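>
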Amino acid sequence: MPAVDRQSPDGRDTHIRECSMKLPYPLGLAISLLAGSSARELCAQAPRNVGVTFDGETDALEPLATDDWHTITASYRYDGAIDLLTNTYLVFARGSDQLNGFYVGYHLPTNQLAIVKHGYWNATEATGAPGEVGRILENDQGQVDCERTTVRRTADEVEVAYRIRLKPGMLKGSYNVFQYIEDRDVRYEGFTLMASVSIGEEGTVHRTDMPPEWRNSLRPSGRPPAGLTLAEQGAARYSLVIPQNAQPIERKAAADLRLHLKLIAGADFPILTEGEPQAGPCVSLGRTERLAQSPCRWKAADLAAEGYALEVAGGDVFLYGGTGRGLLHGVYSLLEEDLGCRWYSPTSVDTPSLPTLTVSLVPRKFVPVLELRDPYIHKLHDPTWSLRNKTNTPHARIPPAWGGSLRYYHMGHTYAAYFPTDQYFADHPEYYALVNGKRQPSQLCHTNEDVIRLSIEKTCGIFRSHPEVRITAIGPNDGRGFCDCGDCRRLDNENGGRSGSFFHFVNRIAEGVKQEFPDHRLICLAYLDYARPPTHLKVDDYVIVQLCTDSHAWKYQFCFVWESEEFQAMLKAWQAVGARIFIWDYTTDYVHYLVPLA
Numbered sequence: 000m001p002a003v004d005r006q007s008p009d010g011r012d013t014h015i016r017e018c019s020m021k022l023p024y025p026l027g028l029a030i031s032l033l034a035g036s037s038a039r040e041l042c043a044q045a046p047r048n049v050g051v052t053f054d055g056e057t058d059a060l061e062p063l064a065t066d067d068w069h070t071i072t073a074s075y076r077y078d079g080a081i082d083l084l085t086n087t088y089l090v091f092a093r094g095s096d097q098l099n100g101f102y103v104g105y106h107l108p109t110n111q112l113a114i115v116k117h118g119y120w121n122a123t124e125a126t127g128a129p130g131e132v133g134r135i136l137e138n139d140q141g142q143v144d145c146e147r148t149t150v151r152r153t154a155d156e157v158e159v160a161y162r163i164r165l166k167p168g169m170l171k172g173s174y175n176v177f178q179y180i181e182d183r184d185v186r187y188e189g190f191t192l193m194a195s196v197s198i199g200e201e202g203t204v205h206r207t208d209m210p211p212e213w214r215n216s217l218r219p220s221g222r223p224p225a226g227l228t229l230a231e232q233g234a235a236r237y238s239l240v241i242p243q244n245a246q247p248i249e250r251k252a253a254a255d256l257r258l259h260l261k262l263i264a265g266a267d268f269p270i271l272t273e274g275e276p277q278a279g280p281c282v283s284l285g286r287t288e289r290l291a292q293s294p295c296r297w298k299a300a301d302l303a304a305e306g307y308a309l310e311v312a313g314g315d316v317f318l319y320g321g322t323g324r325g326l327l328h329g330v331y332s333l334l335e336e337d338l339g340c341r342w343y344s345p346t347s348v349d350t351p352s353l354p355t356l357t358v359s360l361v362p363r364k365f366v367p368v369l370e371l372r373d374p375y376i377h378k379l380h381d382p383t384w385s386l387r388n389k390t391n392t393p394h395a396r397i398p399p400a401w402g403g404s405l406r407y408y409h410m411g412h413t414y415a416a417y418f419p420t421d422q423y424f425a426d427h428p429e430y431y432a433l434v435n436g437k438r439q440p441s442q443l444c445h446t447n448e449d450v451i452r453l454s455i456e457k458t459c460g461i462f463r464s465h466p467e468v469r470i471t472a473i474g475p476n477d478g479r480g481f482c483d484c485g486d487c488r489r490l491d492n493e494n495g496g497r498s499g500s501f502f503h504f505v506n507r508i509a510e511g512v513k514q515e516f517p518d519h520r521l522i523c524l525a526y527l528d529y530a531r532p533p534t535h536l537k538v539d540d541y542v543i544v545q546l547c548t549d550s551h552a553w554k555y556q557f558c559f560v561w562e563s564e565e566f567q568a569m570l571k572a573w574q575a576v577g578a579r580i581f582i583w584d585y586t587t588d589y590v591h592y593l594v595p596l597a
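Anchor point for the sequence shown: position 252 equals 251 in numbering that gives the first Met the number 0, and the numbering is continuous, going up by one each time.
1. Tell me whether lysine 116 sits in a helix, a strand or coil according to DSSP, three-state version.
2. Just to confirm, are leucine 227 and valine 361 a CB contact at a threshold of 8 Å?
3. Where does aspartate 139 land, buried or exposed, given buried means 16+ other C-beta within 10 angstroms?
4. For threonine 534, count neighbouring Cβ atoms within 10 angstroms of its own Cβ and tell me buried if that reaches 16, exposed if not.
5. Take the Cβ of proline 210 as the centre, count every other Cβ of all protein chains shown within 10 Å, and call the residue buried at 16 or more, exposed below.
6. Taking the alpha-carbon of tryptophan 583 as reference, which of Phe559, Val576, Lys116 and Gly274 has the nearest alpha-carbon?
7. Do leucine 356 and leucine 229 have their C-beta atoms within less than 8 Å of each other?
8. Within the chosen definition, does the segment 278-285 reach the segment 233-240 through at least 3 CB pairs nearer than 8 Å?
9. In terms of residue numbering, what span does the beta strand (DSSP E) encompassing valine 358 cover?
10. Considering only the beta carbon of each residue, do alanine 245 and glycine 274 sit closer than 8 Å?
11. Please report how far the alpha carbon of proline 382 lies from the alpha carbon of glutamate 493, in whole angstroms.
12. Span of the beta strand (DSSP E) holding arginine 656?
13. Leaving out the 5 sequence neighbours to the left and right, which residues in its chain are closer than 8 Å to proline 345 when beta-carbon positions are compared?
14. Assuming serine 385 is part of the alpha helix (DSSP H), what are its boundary residues?
15. Taking 8 Å as the threshold (C-beta atoms), are isoleucine 508 and threonine 586 in contact?
16. Specify the secondary structure class of serine 352 as computed by DSSP and reduced to three states.
17. Name, in chain order, the residues that DSSP records as bridge partners for serine 441.
18. At a cut of 8 Å, does the segment 414-427 reach the segment 459-471 through at least three beta carbon pairs?
19. Consult DSSP for tyrosine 541 and reduce its assignment to one of helix, strand or coil.
20. Would you give the residue range spanned by the alpha helix (DSSP H) that leucine 302 belongs to?
21. Consult DSSP for tryptophan 68 and reduce its assignment to one of helix, strand or coil.
22. Can you give the beta carbon distance from glycine 320 to glycine 314, rounded, assuming they're within the 8 Å contact cut?
23. Return the residue from the list Thr123, Trp401, Tyr414 and Phe502 that minimises the CA-CA distance to isoleucine 248.
24. Reducing DSSP to helix, strand and coil, say where aspartate 477 ends up.
25. Please confirm whether valine 136 and leucine 107 have their CB atoms less than 8 Å apart.
26. Tell me the rounded alpha-carbon separation between isoleucine 451 and isoleucine 473.
27. Taking 7 Å as the limit between beta carbons, can you name the residues of its chain near arginine 76, skipping five residues before and five after?
28. At which residues does the beta strand (DSSP E) containing threonine 126 begin and terminate?
29. Would you grab the beta carbon distance between asparagine 110 and alanine 128 for me? Rounded to a whole angstrom, and I think it's under 8 Å.
30. Classify alanine 43 as helix, strand or coil using the three-state DSSP reduction.
31. Could you tell me which residues DSSP puts in a beta bridge with arginine 162?
32. The beta strand (DSSP E) that contains isoleucine 248, what's its start and end?
33. Classify aspartate 182 as helix, strand or coil using the three-state DSSP reduction.
34. Three-state secondary structure (DSSP) at aspartate 139?
35. Any contact of the segment 531-547 with the segment 491-505, i.e. 3+ C-beta pairs under 8 Å?
36. Just to confirm, is the Cβ distance from alanine 92 to phenylalanine 177 under 8 Å?
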C-alpha cells in the first residue's frame, strides 16, 4: 500500500506505511455498509478530535497550578471542508460526569469563545471574541482570557489555544479533560477523554494519563549528553561500523538500522567493516575492536542473552548486546525510544521525517525483566514484528543466527496429547480420573505409577527428537473432572486443594526428566482448581509455574493484575515458596466479547 504522509501535533512529518479504517461494527455489518460506498467516502467529512497540550507539553512535566493562567491548546480536524464544523468544546469534569464540568468552547461560524453551562450553546454564560482586548469570560469554576486566546485555522483543522485559569476549590482530588466536536449535520465525536488529572493537597495539578496525540512516550529517562547530529539535510554524518568478522546478527543489526535511518533522514548511512577506510564519527555495532579500546563502562557487564547497552564516547555511539538477541534489542530500542519509530502491526512502519537528525542519547544498560514476552495472537507471530517489538514468542521463527527465540513443544493443556483416549482408555481405564466412582477420560490419575512412568518417557522423547526445544508443558485438560481415588484425594486434602495431587504428579515427572535433560525445563499452568500453591509440597525448581489470571479475568471487566486482590494473593503465595513464575494473562473481556482491545 502506498505511504500516507501525516503531520504529528508536534509539527514533525510522519510516514505511515499502512492505511486502515476502523469501524465500530461487527464485520458483517461493516460489509453491508460498504456496499455501494468506498472507504474514502465513508471516511470523508468526519469530525475528529486530535489532541490537547498543556502549556506546550503533551505530558505536563511541570505541575500546573490552579489559580494561575495556563495555555491549554485543543486541536480538532474535519476531513472535509473546515467550514462545516460548528462547535468545539474543552471540558474539565469530575470523573466521567461530562455534564457537570467547566466547559469552554469555540463557535466557528461566529468566531466566538464561550463559557457554556452543561455544554449547550443555548445555556451560554459568557461570550467573547479571540483577541478581544481586556475581555475575561468567567463563571464560578474558571476564567477564559479572550485577549490571549488564539485560534489557528487551516483547510481541515482548527486549533484553539485557550488562556484559562481554573479556580481553586472547584476541582479537588481529580478530574478528566474531554474534547467534544460537532458539525452542521449534528454529527459529532463526543466526549473523547484526553487527560486524567490529579490535584495534590497543595493545589498543584499533575497529568496522570498518556494522551492519544503523537509523542514519544517511550523516551528513556535520564540526563543525556550533548546532542549528536547523525544526518544533516539528508546527508549522513555517521557511518555504521561492524566487527571485521561480523556475525549474521551484527550484519542484520546494521542493515535494519540503516533502513530506518534512511526512512527518517533520507540519508544513506554506509555500513563499514572495521579496517575499511572511515572518515568521521560512527555508530559501532556489536563487539568491535573500537568498543574494546573505548572507555565504555558496561562492555564487561553481564548482559545475559537479551540485554543490551547503549553508550556515547568521544562522539561515537556504541551499541552492543548479550549472547543472543541483545544487539538487535539495542538497535530497535534506539529506533523506538530515542528516534520515535513505531511498528503497530506486522505491515506498518511509522517513522518521523527528520532530514536533519540530531539526537541526545541517554546512556543505558537494559536486561529484560520478563523472561517470556509472548502476545499469543496469530498475527503477532510475524518474525520481523517480533524482533522489532522485542517479543520472544515461541511461535515467531527467529533464525538462530539472529538470536532465535524460545522453543516450546507443548503449551498449556497436554493430557489429551500425552494419553489419547482412543489409544489408552479401553485397555487402561485406571490411567484416567476416578469421578463419582467411575473412571472418566476428563483427566489423568495423578498417582498412577504407569502414568508417571509413561509421562517421563514421552517428555524425554520430545527433548530427544527436538533438540531445539528447551521447554515443554505438563498440564490437565481444560476444565474439571479430577481424580478422587484414595491417593489423589489424600494429597489434595493435605495440600489445600487440587494443587496437591497435580504438583505431586509434576514433581515426579521433573525428577525423571532432569536426570537426562538437566538444562531443560517443564512448565505448567497454575489455573482453575490448582491455581494456588500446595500448602505442604514444594514444587521442584525444574518446573516453571505459569500463573493464570482466570481468578478475575472471567468475572470482572478490564481488571488489571495489580487491581485484583485475589490474584495478588496468589502471586505473593507463589513468590513466598520461591517458584519461577510466568503469567498467563487474558486480553478478552469475557463479559462483553465485542469490546475491542484498547
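Ideal Cβ placement from N, Cα and C applies to all residues, glycine included.
Keep in mind that this is a model prediction, so the values were computed, not measured.
By the coordinates alone:
1. Here residue 116 corresponds to residue number 117 of the sequence shown, with the count starting at 1. Helix at lysine 116.
2. Within the sequence shown, residue 227 is the residue found at index 228, counting from 1. Within the sequence shown, residue 361 is the residue found at index 362, counting from 1. No, these two residues do not count as a Cβ contact at 8 Å.
3. For this step, residue 139 is matched to residue 140 along the sequence shown. Aspartate 139 comes out exposed.
4. On the sequence shown, position 535 is the one that residue 534 refers to. Exposed: under 16 other Cβ atoms inside 10 Å.
5. On the sequence shown, residue 210 is found 211 positions in, with the first residue counted as 1. The predicted model places proline 210 with a pLDDT of 44, which falls under 50 and marks its position as unreliable, so this point remains unresolved.
6. As a working note, residue 583 is residue 584 in the sequence shown. Residue nearest to tryptophan 583 within the set Phe559, Val576, Lys116 and Gly274 is Phe559 (criterion: CA-CA distance).
7. By one-based count along the sequence shown, residue 356 stands at place 357. By one-based count along the sequence shown, residue 229 stands at place 230. Contact flag set, yes.
8. In short, these stretches touch, since the Cβ pair count reaches three.
9. Within the sequence shown, the letter at position 359 stands for residue 358. Unbroken beta strand (DSSP E) run through valine 358: 356-358.
10. Within the sequence shown, numbered from 1, the residue matching residue 245 stands at position 246. Within the sequence shown, numbered from 1, the residue matching residue 274 stands at position 275. The answer is no: Cβ separation not under 8 Å.
11. For this step, residue 382 is matched to residue 383 along the sequence shown. For this step, residue 493 is matched to residue 494 along the sequence shown. The alpha-carbon atoms of proline 382 and glutamate 493 are separated by roughly 46 Å.
12. No answer is possible for residue 656: it lies beyond the span of the chain, which begins at 0 and ends at 597.
13. In the sequence shown, the residue the question calls residue 345 occupies position 346. When the five nearest sequence neighbours on each side are left out, the beta carbons in the same chain lying within less than 8 Å of the beta carbon of proline 345 are those of Lys378, Leu379, Asp381, Thr383 and Trp384, in order along the chain.
14. For this step, residue 385 is matched to residue 386 along the sequence shown. Note, serine 385: alpha helix (DSSP H), 382-388.
15. For this step, residue 586 is matched to residue 587 along the sequence shown. For this step, residue 508 is matched to residue 509 along the sequence shown. Against a cut-off of 8 Å, the Cβ pair of isoleucine 508 and threonine 586 comes out as no contact.
16. Along the sequence shown, one-based indexing puts residue 352 at 353. DSSP places serine 352 in strand when its eight states are reduced to three.
17. As a position in the sequence shown, residue 441 is number 442, starting the count at 1. Answer is none; serine 441 lacks a bridge partner.
18. They do not touch, by the three-pair rule.
19. Within the sequence shown, numbered from 1, the residue matching residue 541 stands at position 542. Residue state, collapsed to three classes: coil.
20. Residue mapping note: residue 302 aligns to position 303 of the sequence shown, counting from 1. Segment: none, leucine 302 is in no alpha helix (DSSP H) and carries neither H nor E.
21. For the purposes of this step, residue 68 is taken as the residue at position 69 of the sequence shown. DSSP places tryptophan 68 in the strand class (E or B) of the three-state scheme.
22. Taking the first residue of the sequence shown as position 1, residue 320 is located at position 321. Taking the first residue of the sequence shown as position 1, residue 314 is located at position 315. Wrong, their Cβ atoms sit about 22 Å apart, outside the cutoff.
23. The residue you call residue 248 lines up with position 249 of the sequence shown. Taking the Cα of isoleucine 248 as reference, the smallest distance to any Cα among Thr123, Trp401, Tyr414 and Phe502 is reached at Trp401.
24. As a first step, residue 477 is located in the sequence shown; it is residue number 478 there, counting from the start. Three-state result, aspartate 477: coil.
25. Translated into positions along the sequence shown, residue 136 becomes position 137. Translated into positions along the sequence shown, residue 107 becomes position 108. Valine is not the amino acid found at residue 136; the sequence shown has leucine there. Result no, Cβ atoms of leucine 136 and leucine 107 do not sit closer than 8 Å.
26. Translated into positions along the sequence shown, residue 451 becomes position 452. Translated into positions along the sequence shown, residue 473 becomes position 474. For the pair isoleucine 451 and isoleucine 473, the Cα-to-Cα distance works out to about 11 Å.
27. Start at 1 with the first residue of the sequence shown, and residue 76 comes out as number 77. Taken in chain order, the residues that qualify are Arg47, Val49, Asp155 and Glu156.
28. As a working mapping, residue 126 is identified with position 127 in the sequence shown. From DSSP, the beta strand (DSSP E) with threonine 126 extends over 123-127.
29. Translated into positions along the sequence shown, residue 110 becomes position 111. Translated into positions along the sequence shown, residue 128 becomes position 129. Between the beta-carbon of asparagine 110 and that of alanine 128 there is about 6 Å, and that keeps the pair under the 8 Å contact cut.
30. Here residue 43 refers to the residue found at position 44 of the sequence shown. Its pLDDT being 38, under 50, alanine 43 is placed unreliably by the model, and nothing is read from it.
31. Position 163 of the sequence shown, counted from the first residue, corresponds to residue 162. Arginine 162 has Thr70 as its beta-bridge partners, per DSSP.
32. Here residue 248 refers to the residue found at position 249 of the sequence shown. It is not in any beta strand (DSSP E) - isoleucine 248 instead sits in the alpha helix (DSSP H) that spans 247-264.
33. As a position in the sequence shown, residue 182 is number 183, starting the count at 1. Strand, per DSSP.
34. Within the sequence shown, residue 139 is the residue found at index 140, counting from 1. Correct three-state label for aspartate 139: coil.
35. With the cut-off at 8 Å, the segment 531-547 and the segment 491-505 touch.
36. For the purposes of this step, residue 92 is taken as the residue at position 93 of the sequence shown. For the purposes of this step, residue 177 is taken as the residue at position 178 of the sequence shown. Between alanine 92 and phenylalanine 177, the CB-CB gap stays under 8 Å.
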